[in-house]
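Before any comments, here is the structure.
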């Protein structure tokens, strides 16, 4: 790894094998990578993948730092031919971006001290940067193509061939080496390459070598012999021959002609330019000094609270929860679980979809308008009779059940759709009339109606807006108070895409009463003709996406009464062991606390493991996303909601690991967690292939945390402290099952036992407040959650 500085006003399009981190130290730059152009400001950076054409133009006087990461070194370290990064601070948010900025500032500060120990320290920073970059932004083999055409084994074989040649072009490789690696015969492989690439193995290999040799000719002053050997040619004569066949001149002539036009990299800068760069870096550091790292014990936090400064806030976590398709609500198991969620967690709204599915027997395109509303009415009757509110998704969402983003169990598009807008225009008034007559206008005005937009259908947004406008006007014709919104947008597609959709919507006649979002931590990546999805490593993904969405709404002056997250979760997988673990409880509590004030509704996906039932779900726990197991046992995720439900009406403070509230009557309620984020080991595996016994290895650390609370301006006297906790030793169904050696065929008595023991442990003690100050502490194991009730004793 090495880096250079540039103050040129532009650099023409070029490419090279080494990966490049392009960092704007000062000024504004437009960076072009292939067909995309990005406007970059100070401290923006982008990783440019190997062999991607790129160049830049300065919009104003700027200073650029280019950090070169050796492709060959990385290939050897990681032992993979898939070296593809997705790292772009211009269009993405991630906590790791700030960590990279911190390291680069230290590297720049150290750059002019490249002697003795200074060089050792600089190299340590190189590797620290490499660790952060590969842990957070490297595409892994589990990051597969997402909702695009699936490749067959022959396409994958071609990828493997090309990746192998790109990774090994500078070595003396042969067709036989590649054939052995792919377990193919030489003759078959030779014909396959000729057919797929339009040239022979050796011609393609020489083409690859010439690409990289050309880069060295243009941007280095290396000798022809060195360039030959560096790029895999047997000798200078072989290089000369291949070069002349391709470019009709010799390398030495070409180098001489281009030498005066090309700026030499690495040491080719004049002394005057070096001094100018050094001066500008010095000025940069005067404005942006490197902060010394805090050496205090990171496992201990101090939380100081003023009880006189409480503010009202919206409890957004228990307003709605997702259940599944409408037909599922006719299942006795699902109904039992819904009633548990209502009784114990006080959810108000139940969200469901596929109202018009084939198994609902409605026939929405019946030419005579003879619609059968019997089954949907039974669903609505069940909810209304149990004082639950329907949250109806009116779109045609596909039935999806995934083991991971690349391993699909079920992906069925709705077989029932409106034949035309005219059919919808005929059906919707009949449906609305039926529910209004059955449940009454006052009841229906309390429901939510949502219309989903398929972001993968390839249609223009105007197609969705037309459907929205028509449905909106039909629904509102019955009562303007009915709440109608959409569209289940995913800010993960980037601020630009999100902005453009809302900008188009803002110009339309009808705007949603509520805007709905889907928040799953996956980032779509386009790399040439390929579409990937990468798991986001951002520990504050939910918070950052909500901040971005609110910023766009504000910039566009797009007025909505409420912002809903109608679906959110760590994963789309129904076979991820983390769904059953203590981690999931800490994840829910952490993200819920961070979402306060940013969203009006946080609709967790999903309520019950019954949603994930399939042929492979016979195990007692199988990584499904529900907060109740299929046997109705409360998971740690369930207790995260339970603990949050005990919060007071006034918010005193919220920090990274806790929120402190009060009821205004000398009682205080604390929800806290010791959330541990994943390390690279989690992201390098497919979600359905995680080892339940090794999950402790997948976190950044496994340290306990001590939270020290000081609540000021309290009433003097004695307080009873009641602590409820869920951790690996108490209340966690996954850990209890582990202690049963993962026995699959549970008897009813064993299930009843687990139902009894999978409950929070409770500790009680007293504490005395003096001089208006109350001090208490909480010690939490990794991914433990706690509810602390501080009750004044009269």
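Numbering (UniProt numbering), first residue to last: 1 to 794.
Glycine included, every Cβ here is placed at the ideal spot set by N, Cα and C.
Since we're looking at a predicted model, the values are computed, not measured.
Task: Three-state secondary structure assigned by DSSP to residue 768 - done: strand
- [ ] Can you grab the Cα-Cα spacing for the pair residue 544 / residue 55, in whole Å?
- [x] 30 Å
Open item on the list: Using C-beta distances below 6 Å, list every residue in its chain close to residue 225, excluding the 5 sequence neighbours before and after it, in chain order.
Closed with: 236
TODO: Please classify residue 728: does DSSP put it in a helix, a strand, or coil?
DONE: coil
TODO: In the DSSP assignment, find the unbroken beta strand (DSSP E) run with residue 574 in it and report its ends.
DONE: First-last for residue 574: undefined, no H or E at that position.
Task: Residue from 368, 346 and 390 with nearest C-alpha to residue 325 - done: 390
Open item on the list: In whole angstroms, give me the CA-to-CA distance for residue 159 and residue 192.
Closed with: 13 Å
TODO: Mind listing, in chain order, the continuous beta strand (DSSP E) runs of no fewer than 3 residues lying wholly within the segment 6-68?
DONE: 10-14, 19-26, 29-33, 36-40, 45-48 and 54-58
Open item on the list: On a Cα-Cα basis, can you pick out the residue from 347, 51, 309 and 65 that is closest to residue 28?
Closed with: 65
Task: Backbone CA spacing between residue 217 and residue 3 [nearest angstrom] - done: 19 Å
Open item on the list: Alpha carbons only, please: which of 51, 634, 410 and 209 is nearest the one belonging to residue 341?
Closed with: 634
- [ ] Would you kindly work out how many angstroms separate the C-alpha atoms of residue 95 and residue 538, rounded to a whole number?
- [x] 6 Å
- [ ] State the beta-bridge partners of residue 707 as determined by DSSP.
- [x] 301 and 778
TODO: Measure the C-alpha to C-alpha separation of residue 50 and residue 71 and round it to an integer number of angstroms.
DONE: 7 Å
Task: Minimum C-alpha distance to residue 214 - residue among 239, 199, 234 and 200 - done: 239
Task: Counted within 10 angstroms of its Cβ, other Cβ atoms place residue 134 as buried (16 or more) or exposed - done: buried
Task: Same chain only: Cβ atoms within 6 Å of residue 581, ignoring 5 sequence neighbours per side - done: 734
- [ ] Would you kindly check if the distance between the Cβ of residue 560 and the Cβ of residue 512 is under 8 Å?
- [x] yes
TODO: Pull up the distance between the alpha-carbon of residue 576 and that of residue 687, whole angstroms please.
DONE: 5 Å
Task: Straight-line gap, residue 157 to residue 175 (C-alpha atoms, nearest Å) - done: 15 Å
Open item on the list: Using a Cβ-Cβ cutoff of less than 7 Å, which residues in the same chain neighbour residue 355 once the five nearest sequence positions on both sides are dropped?
Closed with: 326, 376, 392 and 394
Open item on the list: Are the CB atoms of residue 649 and residue 631 within a distance shorter than 8 Å?
Closed with: no
Open item on the list: Taking the alpha carbon of residue 638 as the reference point, which residue from 758, 616 and 169 has its own alpha carbon closest?
Closed with: 758
TODO: Please state if the CB of residue 362 and the CB of residue 370 are separated by a distance shorter than 8 Å.
DONE: no
- [ ] With a cut-off of 8 Å on the beta carbons, I'd call residue 178 and residue 202 a contact; round off their distance for me.
- [x] Going by Cβ atoms, the distance from residue 178 to residue 202 rounds to 11 Å, so no, they are not a contact pair.
Task: Buried versus exposed call for residue 760 [16 or more other C-beta atoms within 10 Å across all chains shown] - done: buried
Open item on the list: Between the segment 670-677 and the segment 701-720, can you find at least three pairs of beta-carbon atoms closer than 8 Å?
Closed with: yes
Task: Candidates 139, 68 and 21, of which the one nearest residue 522 by Cα - done: 139
Task: Entirely enclosed alpha helix (DSSP H) segments - the segment 619-706, minimum 4 residues - done: 636-644 and 680-683
TODO: Could you name each continuous beta strand (DSSP E) segment of 3 residues or more that falls completely within the segment 430-476, going from the start of the chain to the end?
DONE: 448-452
Task: Where the beta strand (DSSP E) through residue 353 begins and ends - done: 349-353
Task: Where residue 132 falls: helix, strand or coil (DSSP) - done: helix
Task: Beta-carbon proximity check, residue 599 vs residue 556, cutoff 8 Å - done: no
Open item on the list: Below 8 Å, how does it come out for the segment 768-780 and the segment 708-715: are there three or more Cβ pairs, yes or no?
Closed with: yes
Task: residue 557 CB to nearest heavy atom of the ligand COA below 7 Å - done: Among the ligands in the structure shown, none appear at all, so the ligand COA cannot be discussed.
- [ ] Out of 126, 37 and 24, point me to the one whose CA is closest to residue 68's CA.
- [x] 126
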